[in-house]
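Engineer:
Residue numbers (our numbering), protein chains in the order written: chain A, 100 to 389; chain B, 284 to 368.
1) Check for me: the beta strand (DSSP E) holding residue 174/A runs from which residue to which?
2) Could you work out which residue in 305/A, 243/A and 274/A is closest to residue 341/A when comparing CA atoms only?
3) In terms of residue numbering, what span does the alpha helix (DSSP H) encompassing residue 388/B cover?
4) Using the beta-carbon count (16 or more within 10 Å), is residue 370/B buried or exposed?
5) Can you round the beta-carbon distance between residue 301/A and residue 243/A to whole angstroms, since I take them to be within the 8 Å contact cut?
6) Output yes if chain B places a C-beta closer than 9 Å to the C-beta of residue 181/A; else output no.
7) Should residue 260/A go down as buried or exposed, given a rule of 16 or more other Cβ atoms within 10 Å for buried?
8) What does residue 304/B touch in chain A if you count any residue whose Cβ is under 7 Å from its own?
9) Does residue 272/A come within less than 9 Å of chain B when only Cβ atoms are used?
10) Does the region 369-380 of chain A come close enough to the region 344-352 of chain A to have 3 or more Cβ pairs within less than 8 Å?
11) Counting only Cβ pairs nearer than 8 Å, list the residues of chain B close to residue 206/A.
12) For the region 223-236 of chain A, list every residue whose C-beta sits within 7 Å of some C-beta in chain B, in sequence order.
13) Residue 341/B versus chain A: which residues are under 7 Å apart at the beta carbon?
14) If contact is defined by three or more beta carbon pairs under 8 Å, each pair taking one atom from either stretch, is the region 347-362 of chain A in contact with the region 218-226 of chain A?
15) Along chain A, which residues have their Cβ under 7 Å away from the Cβ of residue 337/B?
16) At a Cβ threshold of 9 Å, is residue 355/A touching chain B?
17) Taking residue 304/A as part of the beta strand (DSSP E), name the residues at either end of that continuous run.
18) How about residue 370/A: is its C-beta nearer than 9 Å to some C-beta of chain B?
19) DSSP state of residue 357/B, grouped into three classes?
20) Taking residue 292/B as the query, report the chain A residues whose CB atoms sit under 9 Å from its CB, ordered along the chain.
21) Check for me: the alpha helix (DSSP H) holding residue 340/B runs from which residue to which?
22) Within its chain, find whatever has a CB closer than 7 Å to the CB of residue 300/B; leave out the 5 residues flanking it on each side and keep chain order.
23) Mapping the DSSP letters down to three states, classify residue 263/B as helix, strand or coil.
24) So is residue 292/B buried or exposed if we call it buried at 16+ other beta carbons inside 10 Å?
25) Using a cut-off of 8 Å between C-beta atoms, extract the partners of residue 284/B located in chain A.
26) Pull up the distance between the alpha-carbon of residue 337/A and that of residue 308/A, whole angstroms please.
27) Take the Cβ of residue 173/A as the centre, count every other Cβ of all protein chains shown within 10 Å, and call the residue buried at 16 or more, exposed below.
Okay, here's the thing in structure tokens:
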């Protein structure tokens, strides 16, 4: 993939039209949601231009099944654990980043308890969270499939720090699994953002350490539903078997149009797992929450 | 367990996830405070809050009732009433 050099999307006019159309249809909502990404199903389509200067249509479908009322949870005296499925697909034309992850994600929590109005309840001012996931990650064409198990530690301190620090989250993870070759050798030769640039060989084990940080800030939404937010994320992987490091940095400016639609301008450096492509990508997309 | 008691617990727990200075009351709508992308995977404020309330219900003889699909759009007192109905 040709390296660095962001360029402005050539389809800016089309995006502006999409933005205007969506804005014109904005409906009145009274809530001040900090983030609209709460629907069981969201669909995002827009235009992206990669550093390889090829126009690319970016398609992102993010299924986040919230099985309210039926997701599995087990309670203990001072801890609990729950699980929920998570499927994410990212693909696009030309050399846009692409990848698919399908995981059963969960979380084990360890906490102290307190009594509120006569009821015993977890004290969430500070607790220890251990995110767990078990599933598969693949390139968008299913030519390579990684079976991955992940266990992490996230100190949840947000309940005991000043307001401004509560939007920062940090975590450390260990990922282990196996990388299979699912496609034919001839079909693996890909270019640009689709290229697997990791040192992880096919048909071999995978063992990584990962450190992650998230930071976000959002304005309160107006009564018409409009809002503005900024999200920044950073992830670093260390390949414990091949002494390689990978990273992914993203910045997203989000214009919330109403409780069902938002418009993202995103800058991404590195594709992350499973390809660990090192290219850059600029993306604009309009998302609909269904 | 009464609806008023559960509302107290919900207000208490929401304060731990309030990073925007939202006034927490029985009229607070959950999606004003909670989100599902503010953490890592299933360790996000929406999932953690729900797990904590389920734990509270189970450990105070409140059972494990089904949650309304649109509970994030519900006020504190509305959701408490639904869960104890």
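Positions of the beta carbon are idealized from the N, C-alpha and C atoms, including for glycine.
Structural biologist: In this structure, then:
1) 171-174
2) 305/A
3) No answer is possible for residue 388/B: the residues shown for chain B start at 284 and end at 368.
4) Chain B is shown only over 284 to 368; residue 370/B falls outside these bounds and no answer can be derived.
5) 6 Å
6) yes
7) exposed
8) 262
9) yes
10) yes
11) 324, 325, 326, 330, 331 and 334
12) 223, 224, 228, 230 and 232
13) 174
14) no
15) 172
16) no
17) 303-317
18) no
19) coil
20) 215, 216, 218 and 220
21) 328-341
22) 316, 317, 328 and 332
23) It is not possible to answer for residue 263/B, since the shown part of chain B is limited to 284 through 368.
24) buried
25) 218
26) 5 Å
27) exposed
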